[in-house]
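Colleague: One structure, pasted below without further comment.
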Amino acid sequence: MFARSVHTLMLALLLVCSASADSTPRDPGQYFFNETFGNFREELEHARDEGKQGILIMFEMDECPFCHYMKTHILNQPDVQDYFRAHFLIFPVDIEGDVEITDFQGKTMPMKDFALKEYRVRATPVFAFFDLDGNYIKPARLTGKANDKEEFMLLGRYVVDRAYDKEPFTRYKRAQH
Numbered sequence: 243m244f245a246r247s248v249h250t251l252m253l254a255l256l257l258v259c260s261a262s263a264d265s266t267p268r269d270p271g272q273y274f275f276n277e278t279f280g281n282f283r284e285e286l287e288h289a290r291d292e293g294k295q296g297i298l299i300m301f302e303m304d305e306c307p308f309c310h311y312m313k314t315h316i317l318n319q320p321d322v323q324d325y326f327r328a329h330f331l332i333f334p335v336d337i338e339g340d341v342e343i344t345d346f347q348g349k350t351m352p353m354k355d356f357a358l359k360e361y362r363v364r365a366t367p368v369f370a371f372f373d374l375d376g377n378y379i380k381p382a383r384l385t386g387k388a389n390d391k392e393e394f395m396l397l398g399r400y401v402v403d404r405a406y407d408k409e410p411f412t413r414y415k416r417a418q419h
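Residue numbers for the sequence shown, in the numbering used here: 243 to 419.
What follows is the structure in structure tokens.
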């Protein structure tokens with residue numbers, strides 16, 4: 243009897259330890275974002291080759307408190323990282339950046355022009371999804387921080403399930419609760 247109780251206790255402890263190890267925050271720079279040379283036209287090819295559903299761009303800036311919140315509370319969570327990386331190639335774009343990028347149509351411009359002139363990004367963060375043809379999925383745009391991890395995961399499923407073809411995100415979100 244005592245041995246069974248100890249065995250049960252050890253098993254429970256092992257499960258708790260493994261569950262907490264799986265939820266240990268990880269660096270979003272390494273585990274959420276993909277590396278890029280800034281050619282989004284080429285990244286579309288990579289996304290197709292890897293069987294992804296599209297590209298997710300996080301428009302951000304250095305001193306943005308909501309960007310920081312997203313990186314330290316949501317984008318650093320292993321389940322968020324694993325889900326989004328399974329379905330999308332993900333890249334950050336600095337809305338104040340002068341680094342040259344190539345857009346989905348092959349035009350070269352500084353990051354700040356890509357953000358403002360192409361996608362009217364004025365506040366950060368903005369999470370913008372693009373399909374495998376480089377088409378902007380406007381209904382899935384999230385401006386500002388997500389309320390919590392669950393809402394951000396729901397946004398990912400909204401795009402993966404192509405629910406944006408049927409309804410706005412707010413209605414989709416309401417129906418999920």
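Note that beta-carbon positions come from the ideal geometry of N, C-alpha and C, so glycine has one too. Treat the numbers as computed from the prediction; the structure is a model and nothing was measured.
#1: Below 9 angstroms between beta carbons: does that hold for R274 and Y361?
#2: Please state whether the Cβ-Cβ distance between T333 and E285 is less than 9 angstroms.
#3: For a test of the three-state rule: what should DSSP assign to D403, helix, strand or coil?
#4: Roughly how many whole angstroms lie between the Cα atoms of R399 and F346?
#5: On the DSSP bridge list, what partners appear for T350?
#6: Note the first and the last residue of the continuous alpha helix (DSSP H) segment covering F282.
#7: Taking Cβ to Cβ, would you say N281 is nearer than 9 angstroms to I337?
Modeller: On the basis of the data shown:
#1: Here the sequence assigns Phe to residue 274, which means Arg is not the residue at that position. Going by C-beta atoms, F274 is not nearer than 9 angstroms to Y361.
#2: Correcting the residue type first, residue 333 is Phe in the shown sequence and not Thr. Yes, the pair counts as a contact, with Cβ atoms nearer than the cut-off.
#3: Looking at D403 - three-state DSSP - the assignment turns out to be coil, as it is neither helix nor strand.
#4: Approximately 23 angstroms, taken between the alpha carbons.
#5: Beta-bridge pairing links T350 to T344.
#6: F282 to D291 is the extent of the alpha helix (DSSP H) around F282.
#7: No, these two residues do not count as a Cβ contact at 9 angstroms.
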